[in-house]
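Residue numbers (UniProt numbering): 1 to 109.
Comments concern the structure below.
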């Protein structure tokens, strides 16, 4: 997949919208678990919409399910020691890097 490098202003805007979406989901105890470019679409006004909630899960404490897209998995998922909604913030960090650099994080390392 070829990623487009965004301006810092664009990356900040989309990051802020993703943060709002994740905060809302987390307020409902929902962990999204599959944040990646393919699961973010833009509406006609240019605002983000998260799609594909197939891996989302209500988690009140911790969960142990190994799932998600490998390039975006937080270390705690891989270590299978239990995790919370914090894994969504890890995935967002990967996504921010990709927005600013315009390259797939793992393949860059």
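Here a beta-carbon is modelled for each residue, glycine too, at the ideal position from N, C-alpha and C.
From a predicted model like this one, the values you see are computed outputs, not experimental measurements.
Sheet register partners of residue i (DSSP bridge)
| i | result |
| --- | --- |
| residue 50 | 40 |
| residue 14 | Per DSSP, none; premise fails for residue 14. |
| residue 83 | 63 |
| residue 58 | 30 |
Span separating the alpha-carbon of residue i from that of residue j
| i | j | result |
| --- | --- | --- |
| residue 41 | residue 53 | 13 Å |
| residue 34 | residue 91 | 8 Å |
| residue 14 | residue 95 | 10 Å |
| residue 22 | residue 87 | 11 Å |
| residue 65 | residue 5 | 32 Å |
| residue 18 | residue 39 | 11 Å |
| residue 10 | residue 47 | 11 Å |
| residue 36 | residue 71 | 9 Å |
Own chain partners of residue i with C-beta closer than 7 Å, once the 5 adjacent residues on each side are dropped
| i | result |
| --- | --- |
| residue 49 | 41, 43 |
| residue 68 | 33, 34, 55, 77 |
| residue 99 | 6, 11, 14 |
DSSP-derived helix/strand/coil call for residue i
| i | result |
| --- | --- |
| residue 94 | helix |
| residue 31 | strand |
| residue 4 | coil |
| residue 73 | coil |
| residue 45 | coil |
| residue 102 | coil |
Proximity test, residue i beta-carbon vs the ligand ADP heavy atom, cut-off 7 Å
| i | result |
| --- | --- |
| residue 9 | Of the ligands one can find in the structure shown there are none, so the ligand ADP has no counterpart to examine. |
Proximal residues to residue i (C-beta, below 8 Å), its chain only, five neighbours per side dropped
| i | result |
| --- | --- |
| residue 75 | 90 |
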